[in-house]
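Those letters in the sequence shown? Residues 1 to 188, by this note's numbering.
Ideal placement from N, C-alpha and C gives every residue a C-beta, glycine not left out.
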Amino acid sequence: YTNAARGDHLMWRSSRKGGRRGSSDDEPAKALTFEDAIQYSVRALSARSLTEAELIRKLRNRLASQTVIDEVLERLRSLKFIDDGVIATRAVEDPALGRFGIQRKLNQRGVAKNLIEDALLTRDSDADLEAARSLVKRYSRQWTGERGYHKAMSFLMRRGFSGDVVRKALSEWAHNSQLEVIDDALED
Numbered sequence: 001y002t003n004a005a006r007g008d009h010l011m012w013r014s015s016r017k018g019g020r021r022g023s024s025d026d027e028p029a030k031a032l033t034f035e036d037a038i039q040y041s042v043r044a045l046s047a048r049s050l051t052e053a054e055l056i057r058k059l060r061n062r063l064a065s066q067t068v069i070d071e072v073l074e075r076l077r078s079l080k081f082i083d084d085g086v087i088a089t090r091a092v093e094d095p096a097l098g099r100f101g102i103q104r105k106l107n108q109r110g111v112a113k114n115l116i117e118d119a120l121l122t123r124d125s126d127a128d129l130e131a132a133r134s135l136v137k138r139y140s141r142q143w144t145g146e147r148g149y150h151k152a153m154s155f156l157m158r159r160g161f162s163g164d165v166v167r168k169a170l171s172e173w174a175h176n177s178q179l180e181v182i183d184d185a186l187e188d
């Protein structure tokens, strides 16, 4: 970088090479100690709730050994700072996603399959339809014209709603939209 006003030439240099600890090629990367790993983990968890898989990935990027990672996870579990079951339960309550969207999101975050299945069992069978109706009501103004129905269908499918739920929500929307058009015509 150059500060043209003073004519100074400033050089910016990263203290980390390739996301690894260590400031130069000559200095070997240091492995993360248990204390450093705990501090890093607590900071990371204070920013956002992480699954065990996400935290393991972060610790590996910081060059923590498998032994340190195991000790950190054990300590955080005992303190109830990390619990994939709680994360799965919270994800099931997300009104913007359908059953398949929740499953996809939790799989991407590395939650165990049995925890995902257990959490999905707690979801009310009508919750997907109610969530889809809510999203249709919220975004229906954007879906106008000939392609409006297809845009709405694609939107809901990307959010993880089943074809049956999408069909029901959109047929109700189409029916209600036609009634509104008829009501508007009668008022004129």
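Selection from the options that minimises the alpha carbon distance to residue i
| i | options | result |
| --- | --- | --- |
| residue 110 | 99, 55 and 126 | 55 |
| residue 63 | 46, 31, 94 and 79 | 31 |
| residue 225 | 160, 161 and 136 | Any property of residue 225 remains undetermined from this structure, which presents the chain solely from 1 to 188. |
| residue 91 | 37, 144, 153 and 123 | 123 |
Residues near residue i by beta carbon distance below 8 Å, same chain, minus five either side
| i | result |
| --- | --- |
| residue 156 | 98, 132, 135, 136, 165, 166, 169 and 170 |
| residue 45 | 55, 76, 81 and 82 |
| residue 188 | Note that residue 188 has pLDDT 49, beneath the 50 cutoff, so the model's placement of it is unreliable and the number below is only indicative. Result list for residue 188: empty, nothing under 8 Å. |
| residue 96 | 131, 135 and 159 |
Residue i to residue j span [Cα, whole Å]
| i | j | result |
| --- | --- | --- |
| residue 138 | residue 53 | 34 Å |
| residue 68 | residue 34 | 6 Å |
| residue 172 | residue 74 | 50 Å |
| residue 70 | residue 108 | 21 Å |
| residue 142 | residue 148 | 8 Å |
| residue 127 | residue 89 | 14 Å |
| residue 106 | residue 57 | 15 Å |
| residue 115 | residue 85 | 6 Å |
| residue 93 | residue 36 | 34 Å |
| residue 174 | residue 100 | 24 Å |
| residue 161 | residue 150 | 14 Å |
| residue 61 | residue 48 | 18 Å |
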